[in-house]
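**Q** My questions will all concern the structure given below.
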Amino acid sequence: TLGKPMKILLCDITKKIQNWVVVADFNTRDQVSYVYVDFDHDSHIPFISGEAAVLATFEVDVGKHKVPVAGCRVQKGQLNKKMNFKLIRNGECIWTGCLSSLKHHKEEIAIAKTGMDCGLSLNNNLKFEVGDEIVCFSPKEVKQIISWKPGF
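Per the UniProt record's numbering, the sequence shown starts with residue 1, numbered consecutively.
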């Protein structure tokens, strides 16, 4: 069994993160040598598929509406229209979601590869600025495992 100080520590940690902590692999002196922590059941680590820089901005007419479009060049990897995207401005993520359109020379495409120029529009009417960054990613679920040998 765990000693009283360890139970208090685990209870305190659990209250702070308001999720659960599982402690396993302890010896007869109650020394913890392996800790499994799940801080957020819904959290995912993003797998970045590609990055693009916004080089130009413009608006196109779609029916009676004007839709903001970013003229981009893919810097790394590839942009896949089916994945999730982030719009980063001045180092801060200001939007996360899906694309409504990804085009190359007025032709709808599924993937834009490194070095390609493309135009993209978001599923909202957020305006782009030259210098914005576009990041293409897919969430990847990874459980956090922490090795802990405190030596007490």
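Beta carbons are placed, not taken as given, at the ideal position from N, Cα and C, and that holds for glycine.
Below 6 Å CB to CB, which residues in the same chain sit around residue 86 once its five sequence neighbours on both sides are set aside?
**A** Only 93, 96 and 135 meet the Cβ criterion.
**Q** On the DSSP letters alone, give me the boundaries of the beta strand (DSSP E) that residue 114 sits inside.
**A** Neither: residue 114 is in no beta strand (DSSP E) and is coded neither H nor E.
**Q** Taking the beta carbon of residue 81 as the centre, do at least 16 other beta carbons fall within 10 Å, making it buried, or is it exposed?
**A** Burial call: buried.
**Q** Have a look at the DSSP bridge pairing and note the partners of residue 45.
**A** In DSSP, residue 45 forms a bridge with 140.
**Q** Taking the Cβ atom as the reference point for each residue, do residue 138 and residue 121 lie within a distance shorter than 7 Å?
**A** No, Cβ-Cβ distance for residue 138 and residue 121 is not below 7 Å.
**Q** Measure the Cβ-Cβ separation of residue 52 and residue 75 and say whether it is below 7 Å.
**A** Taking 7 Å as the Cβ cut-off, residue 52 and residue 75 qualify as a contacting pair.
**Q** Enumerate in chain order the residues of its own chain whose CB-to-CB distance from residue 98 is below 6 Å, with the five nearest sequence positions on each side excluded.
**A** These residues qualify, in order along the chain: 123.
**Q** Span of the beta strand (DSSP E) holding residue 126?
**A** Per DSSP, residue 126 belongs to no beta strand (DSSP E) and is neither H nor E.
**Q** Please state whether DSSP places residue 135 in a helix, a strand or coil.
**A** In this structure, residue 135 counts as strand in the three-state DSSP scheme.
**Q** Is it right to say residue 55 is buried, meaning 16 or more other beta carbons lie within 10 angstroms of its own, or is it exposed?
**A** Residue 55 should be labelled exposed.
**Q** Let's test the definition: count the other Cβ atoms within 10 Å of the Cβ of residue 132 and tell me whether it reaches 16, buried, or not, exposed.
**A** Per the 10 Å Cβ criterion, buried.
**Q** Using the rule of at least 16 other Cβ atoms within 10 Å of the residue's Cβ for burial, across every protein chain shown, is residue 119 buried or exposed?
**A** Classification for residue 119: buried.
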